[in-house]
Amino acid sequence: MTEYETILVERHDRTALITLNRPKALNALDLTVMAEVVDAATTLDRDPDVGALVITGSAKAFAAGADIKEMRPNGYMDVYLSDWFSAWDRLGDVRKPTIAAVSGYALGGGCELAMMCDILLAADTAVFGQPEIKLGVIPGIGGSQRLTRAIGKAKAMDLCLTGRTMDADEAERAGLVSRIVPAADLLTEALSTAATIAGMSTPIAMMAKESVNRAFETTLAEGVRFERRLFHATFATADQKEGMAAFTEKRTPSFTHR
Ligand code: CO8
Numbered sequence: 010m011t012e013y014e015t016i017l018v019e020r021h022d023r024t025a026l027i028t029l030n031r032p033k034a035l036n037a038l039d040l041t042v043m044a045e046v047v048d049a050a051t052t053l054d055r056d057p058d059v060g061a062l063v064i065t066g067s068a069k070a071f072a073a074g075a076d077i078k079e080m081r082p083n084g085y086m087d088v089y090l091s092d093w094f095s096a097w098d099r100l101g102d103v104r105k106p107t108i109a110a111v112s113g114y115a116l117g118g119g120c121e122l123a124m125m126c127d128i129l130l131a132a133d134t135a136v137f138g139q140p141e142i143k144l145g146v147i148p149g150i151g152g153s154q155r156l157t158r159a160i161g162k163a164k165a166m167d168l169c170l171t172g173r174t175m176d177a178d179e180a181e182r183a184g185l186v187s188r189i190v191p192a193a194d195l196l197t198e199a200l201s202t203a204a205t206i207a208g209m210s211t212p213i214a215m216m217a218k219e220s221v222n223r224a225f226e227t228t229l230a231e232g233v234r235f236e237r238r239l240f241h242a243t244f245a246t247a248d249q250k251e252g253m254a255a256f257t258e259k260r261t262p263s264f265t266h267r
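Read in order, the letters of the sequence shown correspond to residues 10 to 267 in the working numbering.
In structure tokens:
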């Protein structure tokens, strides 16, 4: 496996764990972190033996945002011509299910990275926010869009305009977070959730993910039609045959991910 400078990558059976590892900068997302996370995630996404990915940080910080010190000297032409941060979009193109396991700060780009994942598990210590306005910028990795879709205009405006943070309880009440777990159990819970998903048929999990994500891009009627077509397509898989046979025969299914 590739050696990275700012992240750690581990495999656990059919799951993979990407750990952001810039502790001195609270996992601030510089261009190296972006390139490495995107490279690791897209490589794991292509690996037929991987069924789900977990992205996590440290106990103190999932990620305290884009790297302010790296951004600071840039001018408009630098960020425009290099299309600064656009490579993060490739994380959104990952087809296998992704889980963000968030402990501590998930601010700015850190909150945006967590929201790019399919399931967001929060430790009870998690702190979310889009404080870019305090730096004289606005979210640049989808925060104003994904946060608004996740928690609605009222709270998204509140967070983006005041820069205030919200704790795990508020984030769960608002619908940003799938589940809150005690900080000490976060990684175990995230890996166990990933293992549960990876134990399902991977192509079917990919279809489920694609179908849920379609809800953000289309009308209800088109979304339901899209879902129905994918539902029909599941009947072309060996895993649909196995799943229904196993139910009928009262045994655990053994999916072949085909
Ligand atoms: N960038 C760079 N370095 C950082 C960052 C960051 N985002 N966050 C923390 N650090 C560094 C600190 O500078 C410090 O380094 P040093 O020891 O060398 O001074 C070290 O990490 C530890 O941080 P603190 O001493 O500040 O730790 P505290 O526990 O006192 O505070 C906080 C923790 C509250 C998280 C605080 O560090 C903080 O407020 N960080 C910044 C949070 C923030 O504003 N994030 C948003 C950044 S902007 C963004 O993410 C999206 C921009 C999109 C732009 C799009 C352009 C195209």
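Ideal Cβ placement from N, Cα and C applies to all residues, glycine included.
Test item: CB-CB of residue i and residue j under 8 Å
i: ALA123; j: ASP76; result: no
i: ALA207; j: THR65; result: no
i: ILE142; j: CYS169; result: yes
i: LEU156; j: ALA163; result: no
i: ALA180; j: ALA135; result: yes
i: PRO140; j: GLY172; result: yes
i: LEU40; j: ASN30; result: no
i: PHE235; j: THR227; result: yes
i: THR265; j: ASP248; result: yes
i: VAL59; j: LEU26; result: no
i: VAL47; j: ARG99; result: yes
i: ILE150; j: PHE240; result: no
i: GLY138; j: LEU116; result: yes
i: ALA177; j: ILE160; result: no
i: ASP56; j: ALA204; result: no
According to DSSP, residues forming a beta bridge with residue i
i: ASP137; result: Strictly speaking, residue 137 in this sequence is Phe, with Asp absent from that position. Per DSSP, ALA115, MET175.
i: ILE108; result: VAL63, ILE128
i: VAL190; result: ALA132
i: ARG20; result: ALA25
i: LEU185; result: According to DSSP, which records beta bridges pairwise, LEU185 is partnered with nothing at all.
i: ALA245; result: Partner(s): none; ALA245 has no beta bridge.
i: LEU38; result: ALA75
i: THR70; result: Here residue 70 is Ala; the residue named in the question, Thr, does not match the sequence. Partner(s): TYR114.
Outcome for residue i when other beta-carbon atoms lying within 10 angstroms are tallied against a minimum of 16
i: LYS218; result: buried
i: GLY152; result: buried
i: GLU45; result: buried
i: PRO32; result: exposed
i: LYS105; result: buried
i: PHE256; result: exposed
i: THR202; result: buried
i: ALA61; result: buried
i: ALA230; result: exposed
i: ALA199; result: buried
i: VAL186; result: buried
i: GLY118; result: buried
i: ALA254; result: exposed
i: GLY145; result: exposed
i: THR15; result: buried
i: ALA132; result: buried
i: ALA245; result: exposed
i: THR107; result: buried
- Message: Contact between the segment 105–122 and the segment 191–203 is defined here as three or more beta-carbon pairs at a separation below 8 Å; is this criterion met?
- Response: yes
- Flag this pair as touching only if the segment 128–146 and the segment 216–236 have three or more C-beta atom pairs under 8 Å; answer yes or no. no
- Query: Should the segment 198–212 be called in touch with the segment 67–75, which here means at least 3 C-beta pairs below 8 Å?
  - Reply: no
- Query: Do three or more CB pairs link the segment 51–65 to the segment 84–94 at distances below 8 Å?
  - Reply: no
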